[in-house]
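J.:
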Amino acid sequence: MSTLQEQRERQLRHDAERDAHAAERERLLHPIRSRDALKAIADSAAAKFSDPAVTADDVLAWVADEFGYRTAVACSMADAVLPHVVQKHLPWIDTLFLETGYHFPETEGTRDAVESTMQLTIVDVMPKLTVEEQDATYGKDLFARDPALCCQMRKVEPLAEQLTNYEAWLTGVRRDDSPLRANTPLVEWDDKNGMVKVNPIAAWTFDELLEYASANDVIINPLLHDGYPSIGCAPCTRRVAPGEDPRSGRWAGLDKTECGLHA
Ligand code: SF4
């Protein structure tokens, strides 16, 4: 077991490497291309990567070449599998974490562990209002009365604003998440955000995700093994029974199944 001193030195080296890479990455950034140019790229790639034999690494090699660091990863910190696959192609890539103010402590712990050990640059994407300011303006526990508005203000709008810095974003959406996601392509045009959306592990099953995590020592949120196959904000996520729809614990009892990020 390493000593506290060794852990501190390792952390300092990790942080220094991240800072050095940030300067280099800034130098490499190209101007963001037009909406039309990006749409043409998305449409062409969607056809090219529609073959079922295409792997996540195939798509990510193309992403690294086409967009470089004008790419961001969205990560809910349910697990770090997608960032782990991505960091091989784009080390220290911006990894966006929607800091809603309502996360489980386990999710915050996963975020901190990922930041301190992986070759990623965590970007906390913040809502305009703190939870206290939102309570004061809209009344306490808006999530229980109007979750669509709460998600809009705490997730959708902050993410859309942050995404203006990139040409492409990577998501961990998988086809087996829910019937609504069953036809998720590996590459698509995101008309709402005017950019390319890439879902490199769309074809993976939940078991394949866990196998990858286990084989590669990837950090996963401990809640994943505690009855939470899908993890969102604490007030809007409950445990699911074995065999239940994995996303049935999200906004349970409400007429809502998605937060609006992937609509
Ligand atoms: Fe609000 Fe719930 Fe949406 Fe989180 S998941 S932003 S708490 S409504």
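Numbers in this note's numbering are just positions in the sequence shown, counted from 1, shifted up by 1177. Glycine included, every Cβ here is placed at the ideal spot set by N, Cα and C. Nothing here was measured: the structure is a model prediction, and the numbers come from that model.
Using the rule of at least 16 other Cβ atoms within 10 Å of the residue's Cβ for burial, across every protein chain shown, is Asp-1192 buried or exposed?
T.: exposed
J.: Give every residue of the same chain whose Cβ lies closer than 7 Å to the Cβ of Ala-1223, excluding the five residues on either side of it in the sequence, and list them in chain order.
T.: So the qualifying residues of the chain are Pro-1362, Val-1364 and Glu-1365.
J.: Under 6 Å from any heavy atom of the ligand SF4, by CB: list those residues in chain order, please.
T.: Thr-1277, Tyr-1279, Phe-1320, Pro-1324, Cys-1327, Cys-1328, Arg-1331, Lys-1332, Gly-1409, Cys-1410, Pro-1412, Cys-1413 and Cys-1436
J.: Could you give the C-beta distance for Gln-1339 and Leu-1386, rounded to a whole number, given that I count them as a contact under 8 Å?
T.: Not a contact, Cβ separation roughly 25 Å.
J.: Can the beta-carbon of Thr-1350 be found closer than 7 Å to that of Val-1240?
T.: Note on residue identity: the sequence assigns Val, not Thr, to residue 1350. It is not a contact, given that the beta carbons lie outside the stated cut-off.
J.: What is the DSSP secondary structure of Met-1330, counted as helix, strand or coil?
T.: In this structure, Met-1330 counts as helix in the three-state DSSP scheme.
J.: Considering only the alpha carbon of each residue, which of Gly-1426, Thr-1284 and Thr-1341 lies closest to Thr-1248?
T.: Thr-1341
J.: Look up Trp-1269 in the DSSP assignment and say whether it is helix, strand or coil.
T.: coil
J.: From the DSSP output, which residues share a beta bridge with Phe-1274?
T.: Asp-1301
J.: What separation, rounded to the nearest whole angstrom, lies between the Cα atoms of Pro-1260 and Lys-1216?
T.: 24 Å
J.: Can you tell me which of Gly-1371, Arg-1202, Ile-1378 and Ala-1345 puts its alpha carbon nearest to the alpha carbon of Asn-1360?
T.: Ile-1378
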